[in-house]
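Novice: Protein chains in written order, with the working numbering: chain W, 92 to 309; chain F, 92 to 309; chain S, 92 to 309; chain H, 92 to 309; chain C, 92 to 309; chain P, 92 to 309.
The C-beta atom is built at its ideal place from N, Cα and C for all residues, glycine as well.
This one's a predicted model, so the numbers in the text were calculated from it and none came from an experiment.
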């Protein structure tokens with residue numbers, strides 16, 4: 092199958108793209124679609140505000156338009172799902188957002204999902220999006236670790252905060268499944284899940300799985 | 092009071108800005124704030140798709156940043172409320188969106204609001220936004236007249252379709268208050284209201300009223 | 092413009108009317124409508140129960156009927172919005188309730204509103220009303236300061252409790268905008284907002300702003 | 092058992108009280124509580140507006156206060172549930188509203204309830220109340236027969252309209268259980284149910300059943 | 092009246108059936124229907140998991156089919172309402188579930204209900220059911236005492252935990268009415284209510300009251 | 092990879108299993124998991140009532156227990172998702188329901204989903220489930236074609252009714268994505284989608300895609 096899934100990291104931090112790329116390995120199957128992860132170099136180092144998120148929509152759609160001939164499906168690998176609906180107008184290929192896909196996936200793994208976010212403003216942005224999707228009845232909470240995208244490489248510090256935040260979501264807010272609220276958190280998934288004994292959904296994987304389904308089932 | 096309310100029409104159709112400007116006259120009071128209506132010339136002729144809406148966020152925020160010193164408050168005069176939350180990060184002045192303001196105003200005038208939109212894709216976009224705001228319990232429906240922004244100057248045709256669409260919202264969907272789903276429809280408000288005998292909310296007026304309140308009450 | 096906005100304090104505490112009247116000053120503009128604040132002397136000293144709220148509906152509507160010729164719009168200045176829908180049947184002039192207007196205004200200033208109420212029974216009453224309006228998705232919480240309407244003049248005590256209550260709404264319940272849950276709290280607005288660094292909505296101002304919009308825009 | 096259930100018809104139409112009284116017969120059991128139906132002579136001939144509904148709250152509470160010593164429980168037999176929460180503050184005895192009880196009962200008999208109302212304004216009033224109760228997910232619709240309370244004795248006309256209205260609720264709105272939206276419709280229940288082959292809930296019966304439960308189970 | 096209400100305890104613990112039977116005494120009236128409580132001996136000792144709940148549906152429906160000629164109405168006396176909708180297909184007699192009935196009854200006694208459950212998995216199961224019924228706007232919370240059905244006879248331990256759990260529901264979650272989340276808790280109702288000064292709904296009583304209404308009112 | 096996805100058709104109609112098996116072909120990839128489709132011979136010919144759905148839970152869970160050692164994941168291929176939560180208690184492997192998965196998948200392909208069901212009782216059953224999942228804000232409607240499971244092989248008749256039903260969901264109810272409400276409808280997917288020009292979600296494919304994701308991503 093010649094078609095491929097193009098996973099676009101809309102921030103310019105290549106360490107983030109590398110982390111995403113590693114997380115894709117289990118989904119690379121002989122006989123399955125290629126999964127290509129790219130960095131959108133025009134993006135900000137991290138998407139941390141609504142303005143960051145909105146400002147990358149035009150270049151993101153331009154990029155997709157340029158790759159339209161060699162793509163089978165696109166995944167927007169930023170947990171704000173920037174430009175998801177604009178992108179769906181731009182191309183006839185399936186476009187999946189990692190937040191939307193993660194929420195959908197989490198709802199099959201628990202009664203109430205909790206989101207581990209990077210910074211406080213993300214929490215409000217996600218709140219608006221959860222209402223937009225229409226699934227607030229299933230949301231337990233959303234809490235920030237207080238570290239930005241470029242700080243996500245500070246392994247010990249990040250892991251500690253993620254576990255602490257996940258514990259609050261589980262014990263105080265009643266979450267029984269967690270979602271990583273940033274594509275750059277992929278590497279911490281197993282450790283957070285092991286530490287807290289509840290499933291943790293990695294959003295880019297969720298979206299690529301759905302993209303694969305769309306590609307194969309037409 | 093030196094401060095002014097800057098009403099930004101983010102499409103490049105000056106006829107649309109003129110219509111908005113006329114609708115502002117009743118809100119211009121001797122001792123009240125100035126109300127200045129401007130056209131964002133970088134915008135598309137009309138905001139008719141999600142991509143149109145998203146693509147004007149960056150220039151809109153840039154424009155606000157440039158006017159930050161002489162503005163008291165900003166109003167984004169497009170019913171998609173493009174960049175509303177990005178704009179609120181950009182400036183410390185109050186920023187009102189005309190859709191948000193119109194929904195809030197309509198809920199004080201009836202049990203269920205109906206929206207008269209321009210084109211079919213607007214209906215889905217508005218649907219996402221109504222859920223995002225969290226007020227779908229008060230929405231009766233949203234129907235398109237099937238004419239784009241630049242066609243809004245065809246008086247007779249537009250008025251006929253608006254009345255017909257408003258009647259369907261009232262009689263089939265149960266709306267008891269209507270909202271004009273495009274800033275460019277302002278001139279038709281009174282005639283639609285008279286023809287259907289229910290209140291019709293003009294969104295830019297709603298937003299400027301709220302902006303005035305924010306300016307005066309601090 | 093000869094028409095005026097009549098703001099009716101339906102409790103008999105004139106100190107409360109005076110506080111409301113002061114809060115109206117910024118909205119009195121040359122060229123704008125008169126804003127007249129009146130005390131409904133038949134009312135109880137404070138509206139603290141559902142029975143208090145319901146018992147003033149008949150005299151309130153009678154009063155409006157008597158003033159129908161010289162009014163442009165009415166504002167019911169009690170946070171229970173007593174008789175709002177009965178009043179709208181009674182007169183053809185716009186009638187605004189301060190709770191409804193405050194909720195609508197707050198939703199343009201934050202993601203989740205918190206209400207500072209006087210006494211515990213108000214919290215349940217407001218809860219019913221928030222569901223009736225259909226906006227519970229935007230409510231963070233409602234907490235009482237434990238002081239009745241006539242005690243609202245005890246400046247230091249009231250201010251301390253309001254700040255403490257507002258802090259709980261902000262930090263424990265997640266409110267990012269507060270609403271004063273009693274017309275008699277108007278004088279404390281700026282100090283609460285300054286102490287907590289989040290916007291605080293004064294409900295009578297919200298309603299008068301909306302009334303002004305209705306008067307001017309027809 | 093000496094205690095009795097006092098069913099108060101808050102309109103002054105004794106034919107309405109008689110119809111209610113007849114509907115109570117099946118619930119009068121040898122060892123069960125007395126069921127006394129009374130007419131509140133101060134009430135309007137029918138409760139047809141929000142103002143009608145609100146204006147009877149004070150006399151209704153006064154009446155309950157006067158009967159507090161010989162009552163076991165009170166039922167407010169008007170489908171607007173006027174003064175339900177004020178009454179619950181007024182007496183320590185259980186107070187049931189017939190609309191609230193009917194909605195609760197209907198939800199155990201079908202997936203979606205439809206309400207047969209008297210006049211158009213009732214529909215909006217009921218809509219606010221369904222949201223206040225928080226059960227709009229279970230509401231199929233509410234439609235008026237276009238006849239007022241005093242016209243409910245015109246047997247053939249009323250029955251025809253009720254069946255026609257119920258059919259629209261069933262076939263167009265998807266109701267699988269109907270509720271009579273006025274205490275004065277009690278006599279038509281069986282005929283409407285037979286004609287449409289779906290259950291029809293008589294609200295005063297629903298409330299008296301619940302009152303009986305409260306009385307016996309303490 | 093020859094018809095009777097058959098209350099089926101679908102677990103095999105006869106002590107549980109006895110407790111239910113005692114709770115029925117106040118509802119046994121001369122002239123009223125018989126109330127017969129039976130143990131479904133094929134059931135598990137207690138319904139503590141979704142599998143327990145689902146596994147008793149077939150025998151429960153078989154049992155009802157066998158008793159169809161001598162029953163007037165059936166009550167399924169397990170707070171998971173196992174097989175409620177299957178049972179309603181099986182027999183033409185009214186079938187009431189105790190959870191559904193308890194929720195409906197509680198909503199007439201307070202603004203927000205809290206549920207005292209046996210074990211943690213019940214909480215998730217109930218959460219799904221509250222959403223299914225469509226009443227989550229009225230739910231304050233659901234908390235487990237951490238004791239299984241067969242342990243419910245350990246009076247002191249159970250009572251302490253119930254009061255402690257009810258207090259958390261009241262003070263931390265905002266419940267103003269409690270529901271016993273297991274038929275086997277009936278004997279503790281009055282003591283929990285007295286200790287916490289808020290109403291406590293016993294679910295089998297709620298269902299039998301509704302069954303009685305259905306039997307008498309046809 | 093030795094692990095396989097076991098897709099269980101819980102009805103005894105092998106034609107239905109064959110249709111499912113064919114629909115799985117695009118998801119069979121060289122390096123991906125095996126997908127085995129089995130018929131649960133103890134099941135009824137079709138799951139058409141709540142009782143049918145509930146009665147297969149015990150044998151379904153027994154079957155899974157027996158296959159626990161050679162399974163990687165299970166899919167319950169009946170649109171009622173019978174026993175989904177009981178199954179998740181029964182095995183530690185991922186268990187996906189086809190309705191849940193289809194709803195989640197559809198929400199990434201349109202604003203409002205419509206379900207094409209077999210018979211009228213399914214519509215009510217699905218309605219309860221949509222509320223249980225908490226996604227009714229995204230549901231446009233659910234309509235039955237009026238043919239049972241064993242009639243699904245009557246190609247022309249079934250296809251005509253599916254297209255007619257899908258058209259009503261699209262044009263009257265506002266659906267912009269359709270879901271096949273029965274596993275046995277898989278063969279009609281492309282023809283319905285082509286005829287109506289909107290995406291149609293085949294539920295067993297949706298579930299197997301999600302199962303594949305769970306298997307690969309751990």
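1. Three-state secondary structure (DSSP) at residue 130 (chain F)?
2. In three-state DSSP terms, what is residue 288 (chain W)?
3. Suppose you measure from the CA of residue 146 (chain W) to the CA of residue 137 (chain W); what does that come to, to the nearest Å?
4. Closest by CA to residue 103 (chain P), which one among P:251, P:185, P:237 and P:275?
5. If the cut-off is 8 Å on Cβ atoms, which residues from the segment 146 to 176 of chain S count as contacting chain H, listed in chain order?
6. Counting only C-beta atoms, is residue 202 (chain F) closer than 7 Å to chain H at any point?
7. If I measure Cβ to Cβ from residue 226 (chain W) and keep anything under 8 Å in the same chain, skipping five residues before and after, which residues do I get?
8. To the nearest angstrom, report how far apart residue 278 (chain F) and residue 207 (chain F) are at their CA atoms.
9. Is the number of C-beta pairs between the segment 295 to 309 of chain S and the segment 151 to 167 of chain S that are closer than 8 Å three or more?
10. So is residue 172 (chain W) buried or exposed if we call it buried at 16+ other beta carbons inside 10 Å?
11. Note down, in chain order, every chain P residue with its Cβ under 7 Å from the Cβ of residue 222 (chain F).
12. Are the beta-carbon atoms belonging to residue 211 (chain W) and residue 235 (chain W) less than 7 Å from one another?
13. Within 10 angstroms of its Cβ, does residue 251 (chain C) collect 16 or more other Cβ (buried), or is it exposed?
14. Assuming contact is defined by CB atoms lying nearer than 7 Å, are residue 126 (chain C) and residue 96 (chain C) in contact in what I supplied?
15. Where does residue 187 (chain S) sit, in a helix, a strand or coil, going by DSSP?
16. Which residues, taken in chain order from the segment 107 to 122 of chain H, show a beta carbon closer than 7 Å to some beta carbon of chain C?
17. Candidates F:190, F:151, F:179 and F:200: which alpha carbon is nearest residue 266 (chain F)'s?
18. Would you say residue 199 (chain P) lies against chain W (beta-carbon separation less than 7 Å)?
19. How far does the beta strand (DSSP E) with residue 95 (chain C) in it reach, from first residue to last?
20. Would you mind reading off the limits of the beta strand (DSSP E) that contains residue 234 (chain F)?
21. When the cut-off is 7 Å and only beta carbons count, does residue 98 (chain P) lie next to chain W?
22. Residues in the same chain with beta-carbon distance under 7 Å from residue 282 (chain W), minus the five sequence neighbours each way, listed in chain order, please.
23. Residue 120 (chain S) to residue 154 (chain F), Cα distance in whole Å?
24. CB-CB under 7 Å to residue 112 (chain S), same chain, minus the five flanking residues each way: which ones, in chain order?
25. If we cut at 7 Å on Cβ distances, does residue 131 (chain H) have a partner in chain C?
26. Less than 7 Å separating the beta-carbons of residue 306 (chain C) and residue 205 (chain C)?
27. Exposed or buried, residue 140 (chain H), counting other C-beta atoms within 10 Å across all chains shown (16 or more means buried)?
28. Distance check for residue 253 (chain S) and residue 259 (chain C), CA to CA, integer angstroms please.
29. Can you find a CB in chain W that lies within less than 7 Å of the CB of residue 205 (chain F)?
30. Can you list, in chain order, the residues of its chain whose CB lies under 8 Å from that of residue 287 (chain W), leaving out five sequence neighbours each side?
31. Any idea if residue 272 (chain S) is buried or exposed, counting beta-carbon neighbours within 10 angstroms, 16 or more meaning buried?
32. Which of the three DSSP states, helix, strand or coil, is assigned to residue 209 (chain H)?
33. Within 10 Å of its beta-carbon, does residue 196 (chain F) have 16 or more other beta-carbons around it, so buried, or fewer, so exposed?
34. Just reading off the alpha helix (DSSP H) that residue 306 (chain F) is part of, what are its end residues?
Specialist: Taking the coordinates as given:
1. Reading the second chain from its first residue, position 39 is the one you call residue 130 (chain F). If DSSP states are grouped into helix, strand and coil, residue 130 (chain F) belongs with the strands.
2. Walking along the first chain from the start, residue 288 (chain W) turns up at place 197. Coil.
3. Your numbering for residue 146 (chain W) matches position 55 in the first chain. Your numbering for residue 137 (chain W) matches position 46 in the first chain. The alpha-carbon atoms of residue 146 (chain W) and residue 137 (chain W) are separated by roughly 12 Å.
4. For the purposes of this step, residue 103 (chain P) is identified with residue 12 of the sixth chain, where counting begins at 1. For residue 103 (chain P), the nearest C-alpha among the options comes from P:275.
5. Residues of the segment 146 to 176 of chain S whose Cβ lies closer than 8 Å to any Cβ of chain H, in chain order: 146, 148, 149, 152, 174 and 176.
6. As a position in the second chain, residue 202 (chain F) is number 111, starting the count at 1. Answer yes: the Cβ-Cβ gap between residue 202 (chain F) and chain H drops below 7 Å somewhere.
7. Residue 226 (chain W) sits at position 135 when you count from the first residue of the first chain. Result list for residue 226 (chain W): 194 and 198, in chain order.
8. Within the second chain, residue 278 (chain F) is the residue found at index 187, counting from 1. Within the second chain, residue 207 (chain F) is the residue found at index 116, counting from 1. Between the C-alpha atoms of residue 278 (chain F) and residue 207 (chain F) there is a straight-line separation of about 14 Å.
9. As far as the Cβ criterion goes, the segment 295 to 309 of chain S touches the segment 151 to 167 of chain S, which means the pair count is three or higher.
10. Taking the first residue of the first chain as 1, we reach residue 172 (chain W) at position 81. By the neighbour-count definition (other C-beta atoms within 10 Å, threshold 16), residue 172 (chain W) is a buried residue.
11. Mapped onto the second chain, residue 222 (chain F) falls at position 131. Residues of chain P passing the Cβ test: 228.
12. The residue you call residue 211 (chain W) lines up with position 120 of the first chain. The residue you call residue 235 (chain W) lines up with position 144 of the first chain. A contact, by the Cβ cut-off of 7 Å.
13. Residue mapping note: residue 251 (chain C) aligns to position 160 of the fifth chain, counting from 1. Residue 251 (chain C) is exposed by the Cβ-count criterion.
14. Residue numbering aside, residue 126 (chain C) sits at position 35 when the fifth chain is read from its first letter. Residue numbering aside, residue 96 (chain C) sits at position 5 when the fifth chain is read from its first letter. Yes.
15. As a first step, residue 187 (chain S) must be located in the third chain, where it is residue number 96. It is a strand residue.
16. Per Cβ criterion, the list reads 117, 118, 120, 121 and 122.
17. Here the question's residue 266 (chain F) lines up with position 175 in the second chain. Checking every option, the nearest Cα to that of residue 266 (chain F) belongs to F:200.
18. For the purposes of this step, residue 199 (chain P) is taken as residue 108 along the sixth chain, with counting starting at 1. Cβ-Cβ to chain W under 7 Å: yes for residue 199 (chain P).
19. Position 4 of the fifth chain, counted from the start, is the residue given in the question as residue 95 (chain C). Counting along the chain, the beta strand (DSSP E) containing residue 95 (chain C) begins and ends at 95 to 100.
20. Within the second chain, residue 234 (chain F) is the residue found at index 143, counting from 1. First-last of the beta strand (DSSP E) with residue 234 (chain F): 230 to 235.
21. Here residue 98 (chain P) refers to the residue found at position 7 when the sixth chain is read from its first residue. Judged by the 7 Å Cβ criterion, residue 98 (chain P) is not in contact with chain W.
22. On the first chain, residue 282 (chain W) is found 191 positions in, with the first residue counted as 1. Correct list, in chain order: 250.
23. Position 29 of the third chain, counting from 1, holds the residue named residue 120 (chain S). Position 63 of the second chain, counting from 1, holds the residue named residue 154 (chain F). A straight line joining the alpha-carbon of residue 120 (chain S) with that of residue 154 (chain F) spans about 29 Å.
24. Position 21 of the third chain, counted from the first residue, corresponds to residue 112 (chain S). Within the same chain, and ignoring the five residues on either side of residue 112 (chain S) in sequence, the residues whose Cβ sits closer than 7 Å to its Cβ are 128.
25. Here the question's residue 131 (chain H) lines up with position 40 in the fourth chain. Chain C, which has no Cβ nearer than 7 Å to the Cβ of residue 131 (chain H), makes this no.
26. In the fifth chain, the residue the question calls residue 306 (chain C) occupies position 215. In the fifth chain, the residue the question calls residue 205 (chain C) occupies position 114. No, Cβ-Cβ distance for residue 306 (chain C) and residue 205 (chain C) is not below 7 Å.
27. The count along the fourth chain starts at 1 and reaches residue 140 (chain H) at position 49. Of the other Cβ atoms in all chains shown, 16 or more fall within 10 Å of the Cβ of residue 140 (chain H); this residue is therefore buried.
28. As a working note, residue 259 (chain C) is residue 168 in the fifth chain. As a working note, residue 253 (chain S) is residue 162 in the third chain. Each residue's Cα considered, the two are about 25 Å apart.
29. Counting from one through the second chain, the residue named residue 205 (chain F) turns up at place 114. So no, residue 205 (chain F) is outside the interface.
30. Taking the first residue of the first chain as 1, we reach residue 287 (chain W) at position 196. Excluding sequence neighbours, residue 287 (chain W) sits near 254, 257, 258, 261 and 269.
31. The count along the third chain starts at 1 and reaches residue 272 (chain S) at position 181. Buried, because 16 or more other Cβ atoms sit within 10 Å of the Cβ of residue 272 (chain S).
32. Along the fourth chain, read from residue 1 onward, the residue named residue 209 (chain H) stands at position 118. Reduced to three states, the DSSP call for residue 209 (chain H) is coil.
33. Looking up residue 196 (chain F) in the second chain gives position 105. Here residue 196 (chain F) is buried. Its C-beta has 16 or more other C-beta atoms within 10 Å.
34. To locate residue 306 (chain F), count along the second chain from 1; it is residue 215. For residue 306 (chain F), the enclosing alpha helix (DSSP H) has its first and last residue at 294 to 308.
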